[in-house]
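Worksheet: one structure, shown below.
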Amino acid sequence: MTKKKFYDSQAWWYFSRWILLKYSDGTFVRCFTCNRQMLLTDKGCQCGHWIKTSDSFATALESSNVGPMCYFCNRECHGLPEVMEQKLISIHGEEEINRLKALKRKPLHLDKWLMIQYREKFKTLYKVELERLGVNPWKKQPA
Ligand SMILES: [Zn+2]
12 MTKKKFYDSQ AWWYFSRWIL LKYSDGTFVR CFTCNRQMLL TDKGCQCGHW IKTSDSFATA
72 LESSNVGPMC YFCNRECHGL PEVMEQKLIS IHGEEEINRL KALKRKPLHL DKWLMIQYRE
132 KFKTLYKVEL ERLGVNPWKK QPA
């Protein structure tokens, strides 16, 4: 799995949008690291990793490893890992963050089969969130 393939995948599409919806009111969401308010449909509204995909794919699709992040924090500031870690601890607890740290060291080969499993799982969760919020900010979605 390359980073490009990962970010182009439908599994990531559904996962990242599920995460954004989860923390949103259906229209706006706040950046986890600078608290700025973003429109869900803004290009700069992203789903940022704490443990980067370049460090491990094992934590790439763990919901406790990610959060809504603005382009500036995610790209320009490389995800502000110290700030992000504190934010994730405040939400998920220290134990869960320690689980991620251990998981990071286990190599995971994201093969085609696994990516299909993930796509189906996150597609379902994404749809549950859309229903809960009663909106669909993106309209278009992959198959
Ligand atoms: Zn930010």
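Residue numbers (this note's numbering): 12 to 154. C-beta atoms are modelled at their ideal positions from N, C-alpha and C, and glycine is treated no differently. These numbers were taken from a predicted model, which means no experiment stands behind them.
Contact test: residue i Cβ vs ligand 1 heavy atom, cutoff 6 Å
{"i": "T70", "result": "no"}
{"i": "R41", "result": "no"}
{"i": "C56", "result": "no"}
{"i": "T44", "result": "yes"}
{"i": "R47", "result": "yes"}
Distance CB(residue i)-CB(residue j) smaller than 7 Å
{"i": "E131", "j": "W29", "result": "no"}
{"i": "G59", "j": "G90", "result": "yes"}
{"i": "L114", "j": "T64", "result": "no"}
{"i": "C42", "j": "C84", "result": "yes"}
{"i": "W149", "j": "E96", "result": "no"}
{"i": "L121", "j": "M49", "result": "no"}
{"i": "Y18", "j": "Y137", "result": "no"}
{"i": "G78", "j": "L144", "result": "no"}
{"i": "Y129", "j": "L72", "result": "yes"}
{"i": "F68", "j": "L125", "result": "no"}
{"i": "V94", "j": "T135", "result": "no"}
Under the three-state DSSP convention, the category residue i falls into
{"i": "C81", "result": "strand"}
{"i": "K115", "result": "helix"}
{"i": "S65", "result": "coil"}
{"i": "L141", "result": "helix"}
{"i": "V94", "result": "helix"}
{"i": "Q128", "result": "helix"}
{"i": "T135", "result": "helix"}
{"i": "L99", "result": "helix"}
{"i": "K151", "result": "coil"}
{"i": "E87", "result": "helix"}
Query raised in the report: Taking only runs of the alpha helix (DSSP H) that begin and end inside the region 20-61, which ones reach a length of at least 4 residues, in chain order?
Result: Listed in chain order, the complete alpha helix (DSSP H) runs (minimum 4 residues) inside the region 20-61 are 21-33.
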